[in-house]
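Read left to right, the sequence shown gives residues 8 to 205 (the working numbering).
Using N, Cα and C, we set each Cβ at its ideal position, and we do this for glycine too.
Notes for the one structure printed next.
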Amino acid sequence: MFAATLFVCAATALAQEGQTQAPRVDKRKLTTIQTAAIDAGATKNAVEVRYLNLPWGEATFGYIETGIDPRNNGYYSGRAWPIAHLTLAAPATFAGTQLAPGDYAVIITPANPKENKGMMLALASFKPADAGGTFLQAGNVFVEAPKDATVVVTTPIKFDKGAPSVDHLVIETQRMGQAVALNFHYGDRTLVEKLTLK
8 MFAATLFVCA ATALAQEGQT QAPRVDKRKL TTIQTAAIDA GATKNAVEVR YLNLPWGEAT
68 FGYIETGIDP RNNGYYSGRA WPIAHLTLAA PATFAGTQLA PGDYAVIITP ANPKENKGMM
128 LALASFKPAD AGGTFLQAGN VFVEAPKDAT VVVTTPIKFD KGAPSVDHLV IETQRMGQAV
188 ALNFHYGDRT LVEKLTLK
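Given below as structure tokens:
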């Protein structure tokens with residue numbers, strides 16, 4: 008009986024050891040391009056947003072929210088993050104700036120405590136290398152903005168906390184009268200930005 012018990016315990020320990028040694032999956036490399044779009048009258052896909060379903064990392068996003076990243080030599084807090092590709096099929100206004108139909112990189116800049124600035128969101132106009140193409144790359148969460156991207160509007164942003172947590176970035180489009188809301192949901196953070204269509 009004692010020997011049998013020892014055997015079971017040893018087998019269980021080996022099984023648990025095997026489980027703990029299983030290779031970790033890097034969820035960042037599993038990201039795919041998602042699309043949210045909405046029509047406006049006769050204009051199909053008047054507002055279209057393509058984005059990566061970035062895995063939620065509270066510590067990492069905290070570096071961007073605070074602008075403080077001592078663990079990574081300031082990497083996450085020191086670079087801009089192009090998180091989405093906005094395509095407009097109709098003229099629109101965002102943060103008081105008129106936008107022509109075309110393609111825009113949606114870029115988040117981390118907070119900068121030295122300059123007493125919070126996070127910023129910018130729209131940068133660019134021309135895709137291929138018609139209908141995008142600068143986003145599945146599996147590459149560190150993608151850079153297009154080289155020809157030109158910032159046309161910047162606005163301060165602050166994500167609200169306390170939403171039901173999701174394990175990846177979700178961006179949805181929602182019609183609100185003449186406006187289209189871009190609803191960002193990342194972890195337990197949410198942000199709503201509005202475009203007014205012409």
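4-residue-minimum alpha helix (DSSP H) runs that sit fully inside the stretch 63-102, ordered along the chain:
65-73
Cα-Cα, which of T67, T50, A138, A87 is closest to A99?
Position 92 of the sequence shown holds residue 99. For the residues T67, T50, A138, A87, the minimum Cα distance to A99 belongs to T50.
Do you know how far the Cα of V177 is from the Cα of A91?
Taking the sequence shown and counting its residues from 1, the one referred to as residue 91 is at position 84. Taking the sequence shown and counting its residues from 1, the one referred to as residue 177 is at position 170. Each residue's Cα considered, the two are about 11 Å apart.
Beta-bridge partners of G109, as assigned by DSSP:
Within the sequence shown, the letter at position 102 stands for residue 109. Paired residues: L95.
Is the distance from the Cβ of D155 to the Cβ of S172 below 8 Å?
Position 148 of the sequence shown, counted from the start, is the residue given in the question as residue 155. Position 165 of the sequence shown, counted from the start, is the residue given in the question as residue 172. D155 places its beta carbon 8 Å or farther from that of S172.
First and last residue of the uninterrupted beta strand (DSSP E) at R182:
If you number the sequence shown from 1, residue 182 lands on position 175. Segment 177-183, the beta strand (DSSP E) holding R182.
When you compare each of A87, T180, T197 to T42 by their alpha carbons, which one comes out closest?
Along the sequence shown, one-based indexing puts residue 42 at 35. Checking every option, the nearest Cα to that of T42 belongs to T180.
Exposed unless 16 or more other CB atoms sit within 10 angstroms - verdict on N60
Taking the first residue of the sequence shown as position 1, residue 60 is located at position 53. Flag for N60 reads buried.
DSSP three-state call for A186: helix, strand or coil?
Residue mapping note: residue 186 aligns to position 179 of the sequence shown, counting from 1. In the structure shown, A186 sits in a strand (DSSP, three-state: E or B).
Quick check on the burial criterion: 16 or more other C-beta atoms within 10 angstroms. Buried or exposed for G74?
As a working note, residue 74 is residue 67 in the sequence shown. Counting Cβ neighbours within 10 Å, G74 comes out buried, since at least 16 surround it.
Please report the Cβ distance between L198 and A53, rounded to the nearest whole angstrom; I am assuming they are in contact, meaning their Cβ atoms lie under 8 Å.
Within the sequence shown, numbered from 1, the residue matching residue 198 stands at position 191. Within the sequence shown, numbered from 1, the residue matching residue 53 stands at position 46. At roughly 21 Å, the Cβ-Cβ gap does not stay under 8 Å, so L198 and A53 are not in contact.
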